[in-house]
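Residue numbers (our numbering): 3 to 232.
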């Protein structure tokens, strides 16, 4: 018997192997624009990109600025005068092809689909997320995809979750649970919206005492499944 009627999944590093897709897209972009696709260059980009996304999650940066600034900042580090917006478009087009799933993600969703309504809630960019979702087998079992860039708000803002609940005509938040790997975006968002949550933390970490607290902690997909199908 399902514990919840609706299960909201984060996309990247919860169901999708974003790291694999990102690495492939980044290498292709660096090669296309004549930069070394080596560990040092990737390290520069990943540090810049992570800092910008963290600022976005805190509401301190706009997404339109973020996606261009990451390649502008990389060129300031490496030297170069390519159009950063064009670089970003090329990168996102390659990222959209990366439908890699984490091992066990498809099986988890197929096990849940007969019992719960599944949805993906992501702060990712529309061109990339819709492209990856459409290329993945998850489109067969997950009927809803909510993307922050299409909603003019993002996790962890309460309005993001309010819009999701309204779209699903779900008046009772206790019927839904948020599953994700980000304490700042997924778990804090669930707290803001009055939803239960499952923090997917396969690295064994525990939440900081002064941070958002999940309802449950899952170390693997079996933990998620056993929590949801009691």
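Don't be surprised by glycine CBs; every beta carbon is placed ideally from N, CA and C. Nothing here was measured: the structure is a model prediction, and the numbers come from that model.
Check: Around the Cβ of residue 67, are there at least 16 other Cβ atoms within 10 angstroms (buried) or fewer (exposed)?
Finding: Counting from 1 along the chain shown, the entry for residue 67 is found at position 65. Label assigned to residue 67: exposed.
Margin query: Out of 187, 34, 147 and 169, which one is the CA nearest neighbour of residue 93?
Written below: What you label residue 93 is simply residue 91 of the chain shown in a count that begins at 1. Selected option, being the one with the closest Cα: 34.
Notebook entry, point to check: Does the distance from the CB of residue 187 to the CB of residue 59 come in under 7 Å?
Noted result: To locate residue 187, count along the chain shown from 1; it is residue 185. To locate residue 59, count along the chain shown from 1; it is residue 57. Result yes, Cβ atoms of residue 187 and residue 59 sit closer than 7 Å.
Margin query: Considering only the alpha carbon of each residue, which of 171, 98, 125 and 126 lies closest to residue 137?
Written below: Within the chain shown, the letter at position 135 stands for residue 137. For the residues 171, 98, 125 and 126, the minimum Cα distance to residue 137 belongs to 98.
Checklist line | Nearest-angstrom Cα separation, counted from residue 52 out to residue 228 | finding: Position 226 of the chain shown, counted from the first residue, corresponds to residue 228. Position 50 of the chain shown, counted from the first residue, corresponds to residue 52. Spanning the two alpha carbons is a distance of roughly 32 Å.
Notebook entry, point to check: What residues are listed by DSSP as bridge partners for residue 180?
Noted result: Here residue 180 is taken as the residue at index 178 of the chain shown, counted from 1. Residue 180 pairs with 10 and 199.
Check: From residue 20 to residue 12, what distance separates their C-alpha atoms?
Finding: Against the chain shown, residue 20 aligns to sequence position 18. Against the chain shown, residue 12 aligns to sequence position 10. Taking the straight line joining both Cα atoms gives about 11 Å.
Notebook entry, point to check: Residues bridged to residue 124 by DSSP?
Noted result: One-based indexing of the chain shown puts residue 124 at position 122. Residue 124 is bridged to 149.
Item checked: Nearest to residue 142 (by Cα), restricted to the options 172, 163, 160 and 108 -> Translated into positions along the chain shown, residue 142 becomes position 140. Ranking the options by Cα distance to residue 142, first place goes to 108.
Check: Taking one C-beta from the region 198-209 and one from the region 146-163 each time, how about it: are there three or more such pairs within less than 8 Å?
Finding: no
Notebook entry, point to check: Would you call the CB atoms of residue 26 and residue 100 closer than 7 Å?
Noted result: In the chain shown, counting from the first residue as 1, residue 26 sits at position 24. In the chain shown, counting from the first residue as 1, residue 100 sits at position 98. Yes, the Cβ-Cβ distance between residue 26 and residue 100 is below 7 Å.
Notebook entry, point to check: When DSSP labels each residue in this structure, what does residue 219 get in the three-state scheme?
Noted result: As a first step, residue 219 is located in the chain shown; it is residue number 217 there, counting from the start. Three-state result, residue 219: strand.
Note to self: For residue 85, count the other beta carbons within 10 Å of its own beta carbon; 16 or more makes it buried, fewer makes it exposed. Which is it?
What the structure shows: Indexing the chain shown from 1 puts residue 85 at position 83. With fewer than 16 Cβ atoms within 10 Å of its Cβ, residue 85 is classed as exposed.
Checklist line | Residue from 16, 190 and 198 with nearest C-alpha to residue 176 | finding: Looking up residue 176 in the chain shown gives position 174. Ranking the options by Cα distance to residue 176, first place goes to 198.
Next item on the list: Quick one: measure Cβ to Cβ for residue 178 and residue 73, integer angstroms, because I've assumed they're closer than 8 Å.
Entry: Within the chain shown, residue 178 is the residue found at index 176, counting from 1. Within the chain shown, residue 73 is the residue found at index 71, counting from 1. Not really, about 37 Å apart at Cβ, beyond 8 Å.
Item checked: Sufficient close CB pairs (3 or more, under 8 Å) joining the region 110-130 to the region 38-47 -> no
Notebook entry, point to check: Just checking my contact of residue 288 with residue 17 at CB under 8 Å: how many whole Å lie between their CB atoms?
Noted result: What the structure shows of the chain is the stretch from 3 to 232, and residue 288 is not part of that stretch, so it cannot be assessed.
Note to self: Here's the rule: buried if 16 or more other CB atoms are within 10 angstroms of the residue's CB, otherwise exposed. What is residue 183?
What the structure shows: Counting from 1 along the chain shown, the entry for residue 183 is found at position 181. By the neighbour-count rule (16 or more Cβ atoms within 10 Å), residue 183 is buried.
Item checked: Best match in 223, 224, 139 and 201 for proximity to residue 213 [C-alpha to C-alpha] -> As a first step, residue 213 is located in the chain shown; it is residue number 211 there, counting from the start. It is 201.
Margin query: By alpha-carbon positions, which one of 223, 96 and 114 ends up nearest to residue 104?
Written below: Here residue 104 corresponds to residue number 102 of the chain shown, with the count starting at 1. Considering only alpha carbons, the answer is 223.
Next item on the list: Report back the beta-carbon spacing between residue 230 and residue 6 to the nearest angstrom; my notes put them in contact at under 8 Å.
Entry: Taking the chain shown and counting its residues from 1, the one referred to as residue 230 is at position 228. Taking the chain shown and counting its residues from 1, the one referred to as residue 6 is at position 4. Their Cβ separation, rounded to whole angstroms, is 6 Å, which keeps residue 230 and residue 6 in contact under 8 Å.
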